[in-house]
Amino acid sequence: MVEFIDRRRAPKVQLSPPRRSPAKHADAGNSTNQQVPRTEQTPTDFVSPDFPRKPPAKPLHPPVFRPPAKPTAHATIQLVAPPSPGFIYTRRAGVRCRPLHSHPPPPPPASGPYAAQPTQRARCNSMPPEKAEVFRSLEGWAARSLLPLLKPVEECWQPADFLPDSSSEMFGHEVRELRARAAGLPDEYFVVLVGDMVTEEALPTYQTMINTLDGVRDETGASNCPWAVWTRAWTAEENRHGDILGKYMYLSGRVDMRMVEKTVQYLIGSGMDPGTENNPYLGFVYTSFQERATAVSHGNTARLARAHGDDVLARACGTIAADEKRHETAYGRIVEQLLQLDPEGAVLAVADMMRKRITMPAHLMHDGRDMDLFEHFAAVAQRLGVYTARDYADIVEFLVKRWKLETLESGLSGEGRRARDFVCGLAPRMRRAAERAEDRAKKDEPRMVKFSWIFDREAVV
Ligand SMILES: [Fe+2]
Ligand SMILES: [Fe+2]
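Heads up, the sequence shown is in this note's numbering, so the first residue is 1325 and it goes up one at a time.
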């Protein structure tokens, strides 16, 4: 059962300076009000030949975050960007960015594997406190079975391994080679690659999300608890993914880096709402699914890069996909342990996350222009076969097999058995729905959408 947040009851927290008229706002940079700088610069501004750039005609100002006065389970946090048009930046799942002045209820979510779903009422700390003991009892297991899945830093690849060496005399030549290879890739490919890179770059959000989970969070920021060690090292491994894709794209000259950088800034500011309720049972089901989804997606961008003649990019994307698989193995093992120690709790968690649908981590993506950027990116990814509704169903089926849910019997109540049966029957139902959606899409006229990431050129969605 999904519900939309009752906005009349949900406290709304304005997280930015009050809106002001454009005329007043234009003077903000010259005034003593340092909260609203005149322009926002992104990293590309500082390496661009025409730095400093002219301020945009209608600057969008950086959000200023202020925490809610009182933590609440149902807080809808809004981020209002002055001056106009006044978007709500932080959307709960399924609530799209929309002007504040528009009154109709949020539109229904788009379909497809990336689709943000209607908001689940935010629940907090849904794991009963006594179950934290399950995770304490697994600390030794985590040290023995999880941490070895991390690679020592000295053995890890780094983005520099795939990129032109800027200290070399051959740098210019290598960049020209990179650009020649990138010239063979279609615009649609870059839309998907940017979307994947932006998703990776919101890594601070994902580390935060994992550290919301009761019983496994990093209590100090440098805790020796195996759960915390894992999370920090996982983050450090993940950090290379967005880094290499961003540097590649910058050198390729194929994307508007400033718009890409703005999208990253918006997304990190918006956060995410995976519906995991501070509950590590839900959290690790979510990460198991997500790691596999990213492995599929990066694997497919590797395949397409190779097909279009960019072998270096293909190797980079394939290497990222291999990391994601290793991470998927780790998170999948945690859920396996939970199924052994607490089969009822674990299978209910799997069913809960599947009922909510797995929300993609970048579902709150925004570039300051396209109100439906995430849906448009997801549609291009679906068309290119990088990540599709069928992939979603395949991942569900894979996890059912991996966790041996079909044969799970002992320790289940009637409710647990119903949850198991629901999950086991999900993939075929999803495939049928995907087929129907594909049939409908074939009858539709192809629709062109402008993407700021590719200099406002159009891509078919
Ligand atoms: Fe990643
Ligand atoms: Fe990952």
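Note that beta-carbon positions come from the ideal geometry of N, C-alpha and C, so glycine has one too.
- Message: Which same chain residues end up closer than 6 Å to M1689 when comparing Cβ atoms and leaving out the 5 residues on each side of it in sequence?
- Response: L1591, L1697, F1698
- Please report the residue range of the alpha helix (DSSP H) in which E1525 lies. Start and end: 1511-1525.
- Message: Shorter than 7 Å, the distance from the beta carbon of H1651 to the closest heavy atom of ligand 2, or not?
- Response: yes
- Item | Inter-residue spacing [alpha-carbon to alpha-carbon] between F1701 and F1779 | 15 Å
- Message: At a cut-off of 7 Å, would you count T1532 as near ligand 1, judging by its Cβ distance to the nearest heavy atom?
- Response: no
- Query: R1781 lies in the beta strand (DSSP E); which residues open and close that run?
  - Reply: Unbroken beta strand (DSSP E) run through R1781: 1781-1784.
- Host beta strand (DSSP E) of M1772 (start-end): 1772-1775
- Which ranges does the alpha helix (DSSP H) cover as unbroken runs of at least 4 residues, wholly within the segment 1544-1600, from first to last along the chain? 1550-1576, 1581-1594
- Query: CA-CA distance, E1478 and M1754?
  - Reply: Their Cα atoms are separated by approximately 42 Å.
- Does DSSP put P1667 in a helix, a strand or coil? The DSSP-derived three-state label of P1667 is helix.
- Item | Selected residue, minimal CA-CA separation from G1642, among I1658, E1660, A1619 | A1619
- Query: The alpha helix (DSSP H) with D1696 in it runs from where to where?
  - Reply: Per DSSP, D1696 belongs to no alpha helix (DSSP H) and is neither H nor E.
- Message: So, with DSSP's three-state summary, where would you put P1476?
- Response: Here P1476 sits in coil by DSSP.
- Taking 7 Å as the line, does the beta carbon of I1778 fall inside it for any heavy atom of ligand 4? Ligands in the displayed structure: ligand 1 and ligand 2; ligand 4 is not one of them.
- Query: Going by the C-beta, is E1615 closer than 7 Å to any heavy atom of ligand 2?
  - Reply: yes
- Item | Residues of its chain near G1570, where Cβ-Cβ distance is below 6 Å and the 5 sequence neighbours each way are ignored | M1521
- Residue range of the alpha helix (DSSP H) that E1493 falls in? Run containing E1493: none; DSSP gives neither H nor E here.
- Message: Taking 7 Å as the cut-off, is the C-beta of E1733 nearer than that to any heavy atom in ligand 2?
- Response: no
- Is T1643 near ligand 1, going by C-beta to nearest heavy atom under 7 Å? no
- Message: Looking only at its chain, what residues have a beta carbon closer than 7 Å to the beta carbon of Q1661, apart from the 5 residues adjacent to it on each side?
- Response: L1462, W1465
- Item | Own chain partners of F1495 with C-beta closer than 8 Å, once the 5 adjacent residues on each side are dropped | P1488, D1489
- Query: Apart from the five residues on each side of it in sequence, which residues of its chain come closer than 7 Å, Cβ to Cβ, to I1644?
  - Reply: Closer than 7 Å at the Cβ level, and outside the excluded window around I1644, lie H1565, H1622.
- Task: Drop a sphere of 10 angstroms on the beta-carbon of R1460, count the other beta-carbons inside from all chains shown, and report buried for 16 or more, exposed for fewer.
- Result: exposed
- Under the three-state reduction of DSSP, which class applies to I1682: helix, strand or coil? coil
- Task: Examine the Cβ distances between the segment 1645-1659 and the segment 1445-1454 and report whether three or more of them are shorter than 8 Å.
- Result: no
- With a 10 Å radius around its C-beta and 16 neighbouring C-beta atoms as the bar for buried, classify T1600 as buried or exposed. buried
- Beta-carbon proximity of P1598 to L1537, cut-off 8 Å: At a Cβ-Cβ threshold of 8 Å, P1598 and L1537 do not count as neighbours.
- For ligand 1, any of its heavy atoms closer than 7 Å to the Cβ of E1524? yes
- Task: Would you mind giving the Cβ-Cβ distance between A1751 and V1724, rounded to the nearest angstrom? I have them listed as a contact below 8 Å.
- Result: Rounded, the Cβ-Cβ distance is 7 Å, consistent with contact.
- Message: Suppose only complete runs of 4+ residues qualify. What are the alpha helix (DSSP H) ranges in the segment 1613-1643, listed by chain order?
- Response: Secondary structure remark: continuous alpha helix (DSSP H) runs of at least 4 residues inside the segment 1613-1643: none found.
- Apart from the five residues just before and just after H1427, which ones in its own chain have a Cβ nearer than 6 Å to its Cβ? Note on H1427: pLDDT 37, under 50, position unreliable in the model; no value is reported.
- Item | Cut-off 8 Å between Cβ atoms - residues of its own chain near K1766, not counting five sequence neighbours on either side | Closer than 8 Å at the Cβ level, and outside the excluded window around K1766, lies no residue.
- In the structure shown, what three-state DSSP assignment does P1373 receive? In this prediction, P1373 has a pLDDT of 47, which is less than 50 and means its spatial position is unreliable; what the coordinates show is noted afterwards. Reduced to three states, the DSSP call for P1373 is coil.
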